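UniProt numbering puts the first residue of the sequence shown at 1, with every later residue one more than the last.
Remarks on the structure that follows.
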Amino acid sequence: MQGGLSWSKFSKLGRFAEEERADVLVILEANITEEKMKYFQLKGYTFHGLFKQRQVASGILVGIKDSLTAKFAIVKEMNTVDKAEIIKVKILINKIKFLIYGIYSPPNNKNLNLDILPVSNNTILVGDFNAASPSWGYETYNQVGKLVEDFSDSNALIVLYNKDDPKSFIHYSGSSTNPDLTIVAANIQDNCKKKVIGDPGSGHRIVKTTYESFQSKKYEATRTSWNFKKANWKTFNSSLEESIMKPPPKRRLGSSLKQFSRTQNQVFLTVKCPGTNHSGMMI
Numbered sequence: 001m002q003g004g005l006s007w008s009k010f011s012k013l014g015r016f017a018e019e020e021r022a023d024v025l026v027i028l029e030a031n032i033t034e035e036k037m038k039y040f041q042l043k044g045y046t047f048h049g050l051f052k053q054r055q056v057a058s059g060i061l062v063g064i065k066d067s068l069t070a071k072f073a074i075v076k077e078m079n080t081v082d083k084a085e086i087i088k089v090k091i092l093i094n095k096i097k098f099l100i101y102g103i104y105s106p107p108n109n110k111n112l113n114l115d116i117l118p119v120s121n122n123t124i125l126v127g128d129f130n131a132a133s134p135s136w137g138y139e140t141y142n143q144v145g146k147l148v149e150d151f152s153d154s155n156a157l158i159v160l161y162n163k164d165d166p167k168s169f170i171h172y173s174g175s176s177t178n179p180d181l182t183i184v185a186a187n188i189q190d191n192c193k194k195k196v197i198g199d200p201g202s203g204h205r206i207v208k209t210t211y212e213s214f215q216s217k218k219y220e221a222t223r224t225s226w227n228f229k230k231a232n233w234k235t236f237n238s239s240l241e242e243s244i245m246k247p248p249p250k251r252r253l254g255s256s257l258k259q260f261s262r263t264q265n266q267v268f269l270t271v272k273c274p275g276t277n278h279s280g281m282m283i
């Protein structure tokens, strides 16, 4: 959040959180101390923080809805070698366990190390990476952009990007870029959507990440009935005798079973219906 977190910006964020029914808020470059955090509270949320380090705009503030079971932890603070700040939240939403990382890496932080982060299914990374790649709207790569792509490829992670969304950061010059990324585990790629929805006056627009759960749609087989009174028994008997006289075709049972199994899997994978939506928001 360029310029740090002011009460005006926080009030706008609170309205967005209420309108979007956000479960988790991740505020980057909050630039507040532990002492000042008591002034930034939002009804229905508990806030945790990685607080400002040194004399630079830094710090991450995380708000978690009170109704959810969650655990907050600081993964990494800013240091002279790697200036990135990283927090994590383990959270249970609708009986699904998620691991959420919030990451801020300042411009020109060439020593960003993402390999310290364990990732698994249901992992979501949100943050200001200051990473450039054509994969999310830049003309060229920078060093961190290549690093983020390599890390994602090595850990079955997907960077969510919609070319129709506005750019997430507006520069003083009037140009805009996409330093704010949402990266998700491949197993929830189809469930997650990223949308750039507004600007609280920080230079960075608000980025909403939504997880939509799916469940297999159940179909009840209709009962099949037969009208034997209308059966053509003469034709049936003739066909039956002809079939008995012919040798059975050569067919591998294993191949048939594999084909049946493959068809069955396709049915269960493609038939889905919407479930519950859950949102996370990141600035």
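We put the CB at the ideal spot given by N, CA and C, even for glycine.
On a predicted model such as this, the values are computed, not experimentally measured, just so you know.
Rounded to whole angstroms, what's the CA-CA distance from residue i to residue j? Just pull it up for me.
| i | j | result |
| --- | --- | --- |
| residue 107 | residue 70 | 31 Å |
| residue 294 | residue 173 | The first residue shown for the chain is 1 and the last is 283, placing residue 294 beyond what the model contains. |
| residue 145 | residue 122 | 23 Å |
| residue 198 | residue 73 | 28 Å |
| residue 94 | residue 235 | 58 Å |
| residue 141 | residue 132 | 5 Å |
| residue 24 | residue 139 | 32 Å |
| residue 28 | residue 49 | 10 Å |
Can you tell me which of the options puts its alpha carbon nearest to the alpha carbon of residue i?
| i | options | result |
| --- | --- | --- |
| residue 104 | 97, 133 and 148 | 148 |
| residue 26 | 52, 64, 20 and 9 | 64 |
| residue 60 | 68, 51 and 66 | 51 |
| residue 68 | 47, 114 and 85 | 47 |
| residue 118 | 127, 88 and 139 | 88 |
| residue 165 | 154, 150, 193 and 156 | 193 |
Among the residues of its own chain, which have a CB less than 6 Å from the CB of residue i, if the five just before and after it don't count?
| i | result |
| --- | --- |
| residue 178 | 136, 137, 167 and 168 |
Apply the 10 Å Cβ neighbour rule to residue i and answer buried if 16 or more other Cβ atoms are within range, or exposed otherwise.
| i | result |
| --- | --- |
| residue 110 | exposed |
| residue 116 | exposed |
| residue 31 | buried |
| residue 92 | exposed |
| residue 79 | exposed |
| residue 186 | exposed |
| residue 11 | exposed |
Residues in the same chain with beta-carbon distance under 8 Å from residue i, minus the five sequence neighbours each way, listed in chain order, please.
| i | result |
| --- | --- |
| residue 221 | No answer about residue 221 holds up, because its pLDDT of 38 lies below 50 and its placement is not dependable. |
| residue 158 | 152, 183, 184, 185, 186 and 189 |
CB-CB under 7 Å to residue i, same chain, minus the five flanking residues each way: which ones, in chain order?
| i | result |
| --- | --- |
| residue 242 | none |
| residue 191 | 211, 212, 213 and 214 |
Using a beta-carbon distance below 8 Å, is residue i in contact with chain C?
| i | result |
| --- | --- |
| residue 189 | The chain inventory of the structure shown lacks chain C, comprising one protein chain alone. |
Who does residue i pair with in a DSSP beta bridge?
| i | result |
| --- | --- |
| residue 114 | Its beta-bridge partners do not exist; DSSP assigns none. |
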